[in-house]
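In this note's numbering, the protein residues as written are 381 to 788.
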């Protein structure tokens with residue numbers, strides 16, 4: 381599931397001292413409600429429940445992780461941290477344990493979880509291709525702990541590519557999160573929990589002390605109306621809508637006002653179960669087109685399907701994708717207000733690379749949630765609950781918006 385990412389860093393920053401953090405750019409209907417505690421009493425004074433820190437330098441070092449955590453703690457206004465989520469750039473992957481120890485000591489708590497990622501971000505900036513650390517510190521009532529297998533709970537999953545399997549992905553709970561990665565897609569990948577690297581390459585965590593709502597943005601624009609598959613042979617899509625697969629795709633492309641990037645084309649599989657959340661892209665999942673078979677008129681897919689399943693052609697383009705997320709965020713804020721913090725799991729191929737050197741998804745979040753602490757990562761895949769179960773996706777932004785029990 382490896383995706384190459386744009387290599388981007390502010391070179392002026394690399395030539396400067398690093399008292400606080402490095403930066404890379406100077407510019408700037410209902411989601412799944414997943415209760416994790418007893419509903420709060422309204423009217424209490426709003427206290428800060430989360431804060432972030434971001435640090436970057438010329439070399440990966442425990443000092444960067446420590447500075448990121450200390451910066452996050454400073455934002456808690458004197459409150460103790462109940463848990464810290466820490467993302468590190470791939471530069472740390474060979475031996476992250478000293479940095480985890482430094483971060484745990486700075487946080488004065490053992491609930492330290494996270495992973496290495498292609499790129500990392502907070503509400504301050506996004507950073508790719510520079511040694512960096514980003515931290516989100518939580519305070520009571522918000523906390524992070526080992527996942528309980530409750531059916532309706534949101535479960536944060538961080539995994540190395542070789543640790544992904546259907547046994548835990550399809551288990552109970554609405555699973556969200558990301559796949560650890562680097563620019564090569566070949567590792568090393570490291571996952572940690574309780575301040576220690578997890579040899580299994582997987583951690584499953586639960587956010588307690590409030591409500592976590594998920595917002596999923598696949599950002600695909602439909603190029604055709606849904607039709608049913610007529611015939612499949614293994615991974616080959618032979619015909620749909622009464623036409624050979626290649627002919628049907630060509631007709632859909634011909635109807636578009638602008639040329640469609642071949643690499644952006646997907647076959648979207650409609651899900652039989654109606655999505656509960658009209659503001660999230662949960663009613664379908666996309667399949668990559670592996671190969672066009674001109675002799676047979678078929679198209680090879682990454683997954684076999686069955687005759688009768690409903691599908692449609694789709695593609696991502698920057699304008700539609702950015703606009704779609706902006707609308708989703710506005711709908712969320714109108715209904716639920718500002719959360720205490722946001723976790724963002726994006727794709728290495730969707731951020732600055734997709735948007736021509738700027739992350740318009742990050743910009744949309746900052747515009748819609750200007751006062752909200754944000755921690756995120758660019759990974760080699762995203763976990764998200766769709767209408768009929770959990771899926772591993774790519775090219776998707778998954779947002780976890782957390783409201784503390786006293787702020788719901």
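Positions of the beta carbon are idealized from the N, C-alpha and C atoms, including for glycine.
The beta strand (DSSP E) runs lying completely inside the region 544 to 628 and spanning 3 residues or more are 554 to 559, 571 to 573, 582 to 588, 590 to 597, 607 to 613, 616 to 620, given in chain order. Within the region 735 to 776, complete beta strand (DSSP E) segments of at least 3 residues are found at 754 to 759, 762 to 766, 769 to 773, given in chain order. Excluding the 5 residues flanking it on each side, residue 704 has same chain C-beta neighbours closer than 7 Å at 597, 599, in chain order. Here the region 495 to 515 lies against the region 723 to 733, with 3 or more beta-carbon pairs under 8 Å apart. Taken through DSSP and simplified to helix, strand or coil, residue 640 comes out as coil. Rounded to whole angstroms, the Cβ separation of residue 514 and residue 755 is 6 Å, and the two are in contact under 8 Å. For residue 512, the CB contacts under 6 Å within the same chain, skipping 5 residues up- and downstream, are 436, 469, 500 in chain order.
Scanning the region 653 to 721 from its first residue to its last, the whole alpha helix (DSSP H) runs of 4-plus residues come out as 698 to 716. For residue 542, the CB contacts under 7 Å within the same chain, skipping 5 residues up- and downstream, are 581 in chain order. Going by C-alpha positions, residue 676 is about 32 Å away from residue 761. For residue 441, there is no enclosing alpha helix (DSSP H), as DSSP gives it neither H nor E. A Cβ-Cβ contact shorter than 7 Å links residue 559 with residue 759. Per the Cβ contact rule, the region 773 to 782 is in contact with the region 583 to 598 (3 or more Cβ pairs under 8 Å).
The residue among 473, 587, 526 with its C-alpha nearest the C-alpha of residue 440 is 473.
Taking 7 Å as the cut-off, the beta carbon of residue 489 is found no closer than this to the beta carbon of residue 571.
No residue range can be given for residue 456, since it is assigned to no alpha helix (DSSP H) and is classified by DSSP as neither H nor E. For residue 504, there is no enclosing beta strand (DSSP E), as DSSP marks it with neither H nor E.
Put simply, of 575, 564, 587, 568 the residue whose alpha carbon is nearest the alpha carbon of residue 557 is 587. For residue 626 against residue 679, the beta-carbon gap comes to about 6 Å, under 8 Å, which counts as contact. Setting aside the 5 residues that flank it on each side, residue 613 is surrounded in the same chain by 678, each with a C-beta closer than 8 Å to its C-beta; the list follows chain order. The alpha-carbon of residue 698 is positioned some 12 Å away from that of residue 640.
Taking residue 674 as the centre and dropping the five residues before and after it, the same chain places no C-beta closer than 6 Å to its C-beta. Non-local beta-carbon contacts of residue 710 in its own chain, meaning distances under 8 Å to residues more than five positions away in sequence, involve 748 in chain order. Straight-line spacing of the CA atoms in residue 648 and residue 451 works out to 42 Å. Between the alpha carbons of residue 554 and residue 771 lies a distance of about 10 Å. Taking the Cα of residue 533 as reference, the smallest distance to any Cα among 504, 519, 584, 567 is reached at 584.
By the neighbour-count definition (other C-beta atoms within 10 Å, threshold 16), residue 726 is a buried residue. Per DSSP, the continuous beta strand (DSSP E) segment holding residue 526 begins and ends at 523 to 526. For residue 462, no alpha helix (DSSP H) encloses it, and the DSSP letter there is neither H nor E. A distance below 6 Å between beta-carbons, with the five flanking residues on each side excluded, links residue 669 to the following residues of its chain, in chain order: 645, 679.
Close CB contacts of residue 619 within its chain, under the 7 Å cut and outside five residues either way in sequence, are with 610, 611, 625 (chain order).
As DSSP reads the structure, residue 646 sits in a beta bridge with 668, 694. When the beta-carbon positions are compared, residue 526 and residue 487 stay at least 7 Å from each other. Under the 10 Å beta carbon count, residue 740 is surrounded by 16 or more other beta carbons and is classified as buried. Taking a C-beta distance under 7 Å as the contact criterion, residue 617 and residue 681 qualify as a contact pair. Under the three-state reduction of DSSP output, residue 514 falls in the strand class.
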